[in-house]
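In full-length UniProt numbering, the protein residues as written are 1 to 253.
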């Protein structure tokens, strides 16, 4: 088994109440309100796990973003979408928002370029974040061998490969990539994590975010017959239930 070195002081996984789900209609990830992605099978729903800290904190695998001095945190979805925001309250009135999502390719039968994006936004002052990427292929058995430099890396294993593009330099250590940097108000940074040996020719992250928001809101609008007849808060609950069910469905089914 590939043991993960001690990380960012993350709390032990507790209940599913502490997690939100994101996905691309080919796979689903679970994101903890403490900033760690603790479950992901890639590139398909039925693939072996790549991140499984929710089951095994030592060998499962995770991708974590943790602000220094983190206090309370909570999660919410961007309205009428499956983009998940994790909000951290920090000393001196500062806040960090991490927005997690996977761009959707609804018309392809196989996920050609699975990507997970983590947007970072600070308000009220500068925020220092600690980051750790510790994927573990094939149900936690295989640690990647990292190649690259600075802010661009590729992790190879017998079962597959992943790539990483970071807003700041990362360093390999114990089978993980680690780094720490400052997020300033207005920066709009993104940590990119994808399946495959290298980053494909993708649109800029902000464009992918806008397009993904548009996809989910268009889908909600097209099927609003039931929720539109309900009153708030019932309407919001119905809409969220529909979005979760869609998130768990295969794109071509």
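Glycine is no exception: its CB is placed at the ideal position from the N, C-alpha and C atoms. All of these numbers come straight from a predicted model, not from anything done at the bench.
Once you ignore the five residues that flank residue 113 on each side, which residues in its own chain have a CB closer than 6 Å to its CB? For the purposes of this step, residue 113 is identified with residue 113 of the chain shown, where counting begins at 1. Closer than 6 Å at Cβ, skipping near neighbours: 200.
Where residue 4 falls, given that 16 or more other Cβ within 10 Å makes a residue buried: Working through the chain shown from its first residue, we reach residue 4 at position 4. With a pLDDT of only 37 at residue 4, under the threshold of 50, the placement of this residue in the model should not be trusted; the figure read from the coordinates follows. Counting Cβ neighbours within 10 Å, residue 4 comes out buried, since at least 16 surround it.
Reducing DSSP to helix, strand and coil, say where residue 124 ends up. As a working note, residue 124 is residue 124 in the chain shown. Coil, per DSSP.
For residue 45, does the three-state DSSP call read helix, strand or coil? Locating residue 45 in the chain shown gives position 45, counting from the first residue. Three-state result, residue 45: coil.
Taking buried to mean at least 16 other C-beta atoms within 10 Å of its own C-beta, is residue 100 buried or exposed? In the chain shown, residue 100 corresponds to position 100, counting from 1. Under this definition residue 100 is a buried residue.
Could I get the ranges of all uninterrupted beta strand (DSSP E) runs contained in the segment 60-84, with 3 residues as the minimum, in chain order? 62-67 and 73-77
Starting from residue 241, trace the alpha helix (DSSP H) in both directions and tell me its first and last residue. Here the question's residue 241 lines up with position 241 in the chain shown. Counting along the chain, the alpha helix (DSSP H) containing residue 241 begins and ends at 234-247.
Run the CB neighbour count on residue 91, radius 10 Å, all protein chains shown included, and call it buried at 16 or more, exposed below. Here residue 91 corresponds to residue number 91 of the chain shown, with the count starting at 1. Exposed is the call here.
Option nearest residue 127 by Cα separation, candidates 96, 116 and 251: Taking the first residue of the chain shown as 1, we reach residue 127 at position 127. Minimum Cα distance to residue 127 is reached at 96.
Give every residue of the same chain whose Cβ lies closer than 7 Å to the Cβ of residue 161, excluding the five residues on either side of it in the sequence, and list them in chain order. Within the chain shown, residue 161 is the residue found at index 161, counting from 1. Within the same chain, residue 161 has close Cβ partners 154, 155, 196 and 197.
Go ahead and label residue 70 buried or exposed: buried means 16 or more other beta carbons lie within 10 angstroms of its beta carbon, across all protein chains shown. Your numbering for residue 70 matches position 70 in the chain shown. When all chains shown are included, residue 70 counts as buried.
Residues that residue 130 bridges to, as DSSP identifies them: Looking up residue 130 in the chain shown gives position 130. BP columns for residue 130 point to 66 and 180.
C-alpha gap between residue 215 and residue 131, whole angstroms: Start at 1 with the first residue of the chain shown, and residue 215 comes out as number 215. Start at 1 with the first residue of the chain shown, and residue 131 comes out as number 131. Roughly 29 Å between the two C-alpha positions.
Span of the beta strand (DSSP E) holding residue 21? Counting from one through the chain shown, the residue named residue 21 turns up at place 21. That run of the beta strand (DSSP E) goes 19-23.
Span of the beta strand (DSSP E) around residue 57: The residue given as residue 57 occupies position 57 in the chain shown. Element bounds for residue 57: n/a, residue is neither H nor E.
Sufficient close CB pairs (3 or more, under 8 Å) joining the segment 50-67 to the segment 9-22: yes
Identify whether residue 213 lies in helix, strand or coil by the three-state DSSP scheme. Here residue 213 refers to the residue found at position 213 of the chain shown. In this structure, residue 213 counts as helix in the three-state DSSP scheme.
Express the C-alpha separation of residue 164 and residue 187 in angstroms, rounding to a whole number. Mapped onto the chain shown, residue 187 falls at position 187. Mapped onto the chain shown, residue 164 falls at position 164. Those two C-alpha atoms are separated by around 19 Å.
Alpha-carbon to alpha-carbon, residue 191 and residue 85: As a position in the chain shown, residue 85 is number 85, starting the count at 1. As a position in the chain shown, residue 191 is number 191, starting the count at 1. Approximately 14 Å, taken between the alpha carbons.
Quick check: what's the CA-CA separation for residue 75 versus residue 122? Here the question's residue 75 lines up with position 75 in the chain shown. Here the question's residue 122 lines up with position 122 in the chain shown. For residue 75 and residue 122, the distance between alpha carbons rounds to 16 Å.
Taking Cβ positions, are residue 129 and residue 49 nearer each other than 8 Å? Start at 1 with the first residue of the chain shown, and residue 129 comes out as number 129. Start at 1 with the first residue of the chain shown, and residue 49 comes out as number 49. Not a contact, by the Cβ cut-off of 8 Å.
According to DSSP, simplified to helix, strand and coil, what is residue 207? One-based indexing of the chain shown puts residue 207 at position 207. Looking at residue 207 - three-state DSSP - the assignment turns out to be helix.
Is residue 194 helix, strand or coil by DSSP? Working through the chain shown from its first residue, we reach residue 194 at position 194. Looking at residue 194 - three-state DSSP - the assignment turns out to be strand.
Own chain partners of residue 47 with C-beta closer than 8 Å, once the 5 adjacent residues on each side are dropped: Here residue 47 is taken as the residue at index 47 of the chain shown, counted from 1. The answer, listed in chain order, is 27 and 41.
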